[in-house]
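*Asks:* One point on numbering: in the UniProt record's numbering, the residue at position 48 of the sequence shown is 48, and numbering is uninterrupted.
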Amino acid sequence: MNSTVKSYFDAFNRGDVATMLACLSDDVAHHVNEGQVRTGKEAFRAFCEHMNRCYREELTDMVIFDAEGGARAAAEYVVNGTYLETDEGLPEANGQTYRLPAGSFFSLKNGKITRIVTYYNLADWMRQVKG
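What follows is the structure, given as structure tokens:
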């Protein structure tokens with residue numbers, strides 16, 4: 001199991017953005033499920049602040065895979081969340097809970113994450129929060 005990726009996800013579950021950032025290269029490329037690629041730690045920090053304001057999430061059933069001598073990794077998990085504050089362009093938030101499978105893919109160099117790609121089923125999330 002890739003220790004950097006494990007540290008990243010452990011920090012995510014604690015809400016510890018500083019430790020998540022410490023796992024990233026300065027020029028990290030963050031590919032979100034439904035949006036533009038964000039480049040650099042500051043863009044990632046801003047994304048985390050936005051997400052923490054709108055959502056409270058815990059990742060469970062985590063399985064981390066390694067490949068290519070530690071240069072690539074992937075993870076499969078379940079997102080258990082609460083929709084806290086309405087996110088622009090999405091349904092109104094009123095504390096709805098959701099549970100959906102997701103996955104992430106990583107590139108790593110010198111023990112730092114250089115690329116994060118995250119996938120989940122947005123239609124499934126919408127169905128869950130619309131009730």
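Beta carbons: idealized from backbone N, C-alpha and C, even for Gly.
1) Cα separation between Ser107 and Leu122?
2) Under the rule that 16 or more other beta-carbon atoms within 10 Å means buried, what is His50, buried or exposed?
3) Using 8 Å as the Cβ pair cut-off and three pairs as the minimum, do the segment 25–44 and the segment 88–96 touch?
4) In three-state DSSP terms, what is Ala74?
5) In chain order, what are the residue ranges of uninterrupted beta strand (DSSP E) at least 3 long that sit wholly in the segment 25–111?
*Replies:* Considering the structure as presented:
1) 24 Å
2) Around the Cβ of His50, a 10 Å sphere holds fewer than 16 other Cβ atoms; the residue is exposed.
3) The segment 25–44 is not in contact with the segment 88–96.
4) strand
5) 37–39, 55–67, 72–83 and 97–109
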